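Same order as they appear, the protein sequences are chains A and B. Residues in the first sequence are numbered from 1 upward in steps of one, following our numbering. Residues in the second sequence are numbered from 1001 upward in steps of one, following our numbering. All residues carry an ideal CB built from backbone N, CA and C; glycine is no exception. All of these numbers come straight from a predicted model, not from anything done at the bench.
2 protein chains.
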Amino acid sequence: MKYWEREKQILHLLEANGAVSMTEVCAVTGASVATTRRDFDELQKKGLAQRTHGGLRLPQKKEEPGRRYVNGTEILDDIDREKQLIAREAAAQVRAGESIFIGAGKTCNMFAALLRDIERLTVVTTSVTAVLELAECPNISVTLLGGDIHTGKNYIETLDPDINHTLRGYFFDKVFLTVEGVDLERGYTVQDKNRTGLYTQLSRMTRRLYMLLDSAKFDRRAFATMFPPEKACRVISTRNMPEKFVEFYRRQGISCTLLPIE
Amino acid sequence: MKYWEREKQILHLLEANGAVSMTEVCAVTGASVATTRRDFDELQKKGLAQRTHGGLRLPQKKEEPGRRYVNGTEILDDIDREKQLIAREAAAQVRAGESIFIGAGKTCNMFAALLRDIERLTVVTTSVTAVLELAECPNISVTLLGGDIHTGKNYIETLDPDINHTLRGYFFDKVFLTVEGVDLERGYTVQDKNRTGLYTQLSRMTRRLYMLLDSAKFDRRAFATMFPPEKACRVISTRNMPEKFVEFYRRQGISCTLLPIE
DNA sequence: TCATTTTCGCTCAATATCGCTCAAATTAAG
DNA sequence: CTTAATTTGAGCGATATTGAGCGAAAATGA
């Protein structure tokens, strides 16, 4: 019997019972204890199981800090479904060879995860979680702007009040941002005032500023105002966008993509 | 029998069972082991299967990009056990209220994960993976230096050739670094030359420069030289450190902690 | 606490498989 | 029909896997 057959059987037993004994496995696979021991070593080295005295058990999945951000693109509710649709539409706008900026937020994480196959892409971001989605892509050059670490519910970002020095000399084909709220009087608002400087600067460094807005953002006001709603060049949202916003963007001549909810 | 016929049969068997043995395929296709071996090579080169000893199996489900870095503190082998010991000893050196720098590497990730309960800690780092370990700690102020993203086997780091501007004005109580290799003639060496500038600068910005060295580092040379071995203030390693290094550090009067392997 | 039993880690020999080279066979081209 | 190119099969030393034995460490039970 070959190794992969034994491995399959062992893992099968493991998933069924949560743990298996050495003798049990030997009986099932027909291999000697020495071989089974080596198999256990192998499984442990792969991180698929954990050795104990006389057997093997499933690795206890510890919910360590920081771990949860790695599933920051999971779809958990209806709003997340909207975010996913918006992210997909945004990713369809990106072409090979472009230079883009990605903001911080769950929509932006989802967006980043969809860019992996685009050739010769240059990405600049303040989102540590977006970096995780793209770090291993050899076709993508990723630059992370430095600063103090701030955590949101679904993302980690860097914030630097003096970031504008670093940005000098850059130009982006497209900039993709999310915000905490949009309001027709106050405009786009975010929770952290240190973000307003960066985002305002970015709006001057590109000709295509995309705002990614799910329906939870409308008529909400966060602490700090960034810029008025007509500053965005393009808005990507869903058909859940309130009528008065649709009306407003249309009057301002701002291209507004309203995706159908499946 | 032609190649594509065998290929079709092999793939069919693979999809049915998840894996096939060499002899099994030989029996079915009627070809010799040498030919079957070549077929296996071909399938692997095309990415349609993965070779193992004695057979072929389906390519294991690729874990999503970024995911693997989140388990960047797992202990998988003896060297990792050393790293964990070294990280624990290093963490014991850190006091509440201090300002420290953490380098990039698996040892540094483990080290960072052990700092979560220290009060009023200020951490500066270039390691994105270390940030993940500390991001959610309200008692720790984390600053991530910006730059281009580079990935190692167990870590993600930022590299910026002009980083020294950003560092101006900082002072660290302690700096914790790892390297790719130590050599008595060449000193500490790293793979990426852009790291040497930062690390050399750091050695001037603290009175306590700790080098975290597991036994895989000794007598290895990486591409770029940083600084001579006597530049470190303190070395944390294990009793596996070769005698000539022990001797060297002792003669230089460098404090050298050699942890017992459990 | 101490003795017994099981399990562990290690080494060593036997076996199977691998990678490689070279000759034979088949196919393709002139 | 001849010749070159490709594919196939076999042999051989090197490497990897396997199973058994043995002393040490760990779990078990009185």
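For B:Gly1105, none of the residues of chain A pass the 9 angstroms Cβ criterion, the least Cβ distance being about 15 angstroms. Restricted to the segment 115 to 184 of chain A, the alpha helix (DSSP H) segments that are unbroken, complete and at least 4 residues in length are 128 to 134 and 164 to 167, listed in chain order. A distance below 7 angstroms between beta-carbons, with the five flanking residues on each side excluded, links A:Ala216 to the following residues of its chain, in chain order: Ile79.
For B:Asp1077, the neighbours in chain A by C-beta distance under 8 angstroms run, in chain order, Lys45. Within the model, the alpha-carbon separation for A:Ala92 versus A:Ile254 is close to 19 angstroms. Assignment of B:Val1094 by DSSP, reduced to helix, strand and coil, places it in the coil class.
For A:Thr166, the C-beta contacts it makes with chain B under 7 angstroms involve Gly1146, in order along the chain. Inter-segment contact for the segment 187 to 206 of chain A and the segment 236 to 246 of chain A is absent: fewer than three beta-carbon pairs are separated by less than 8 angstroms.
The Cβ atoms of A:Leu144 and B:Gly1103 lie no closer than 8 angstroms to each other. Short of 8 angstroms from the beta carbon of A:Thr225, and not among the five residues preceding or following it, lie these beta carbons of its own chain, in chain order: Arg186, Gly187, Tyr188, Thr189 and Thr196. One thing to note: A:Val175 has its Cβ within 8 angstroms of the Cβ of A:Arg208.
When secondary structure is reduced to three states using DSSP, A:Thr73 falls in the coil class, being assigned neither helix nor strand. Secondary structure note for B:Cys1256: its beta strand (DSSP E) is the uninterrupted segment Ser1255 to Leu1259. Across the segment 1013 to 1024 of chain B, CB contacts with chain A closer than 8 angstroms involve Gly1018, Ala1019 and Ser1021, in sequence order along the chain.
Taking a C-beta distance under 8 angstroms as the contact criterion, A:Lys45 and B:Asp1077 qualify as a contact pair. Judged by beta-carbon spacing, A:Ile156 lies within the 8 angstroms limit of B:Ala1135, meaning their Cβ atoms are closer than that value.
Remark: C-beta atoms of B:Arg1051 and B:Gly1018 do not approach each other more closely than 8 angstroms. Close partners of B:Leu1114 in chain A (Cβ separation under 9 angstroms) are lacking, with about 12 angstroms as the shortest Cβ gap. Comparing C-alpha distances from A:Met205 to each of A:Phe101, A:Val25, A:Met1 and A:His150 shows the shortest one belongs to A:Phe101. Note that the C-beta distance between A:His150 and A:Leu159 is below 8 angstroms. Here DSSP, grouped into helix, strand and coil, assigns B:Arg1221 to coil. In terms of CA proximity to B:Gly1105, B:Thr1129 leads the group B:Leu1114, B:Thr1129 and B:Leu1115.
Just measuring C-alpha positions, the residue of B:Phe1223, B:Glu1230, B:Asp1219 and B:Asn1109 sitting nearest B:Glu1243 is B:Asp1219.
Bridge partners of A:Ile102 according to DSSP: A:Thr125 and A:Phe176. Per the C-alpha coordinates, the member of A:Phe172, A:Ile163 and A:Asp162 positioned closest to A:Val123 is A:Phe172.
Scanning A:Tyr210, A:Ala87 and A:Leu184 for the CA closest to the CA of A:Val246 turns up A:Leu184.
Per DSSP, the unbroken beta strand (DSSP E) holding B:Arg1051 starts and ends at Gln1050 to Thr1052. A residue is called buried once 16 or more other Cβ atoms fall within 10 Å of its Cβ, and B:Thr1029 is buried on that count.
Remark: C-beta atoms of A:Glu180 and A:Ala232 do not approach each other more closely than 8 angstroms. Residue nearest to A:Ser21 within the set A:Ser32, A:Tyr170, A:Gly55 and A:Phe248 is A:Gly55 (criterion: CA-CA distance).
Against chain A, a Cβ distance below 9 angstroms from B:Thr1143 picks out Gly146, Gly147, Asp148, Ile149, Thr158 and Asp160. Contact annotation: A:Leu212 and A:Thr107 have beta-carbon atoms nearer than 8 angstroms. DSSP places A:Ser21 within a strand segment (E or B) once states are collapsed to three. Closest in C-alpha terms to A:Lys2, from the list A:Thr35, A:Ala27 and A:Asp214, comes A:Thr35. DSSP links B:Tyr1188 through a beta bridge to B:Val1182 and B:Phe1227.
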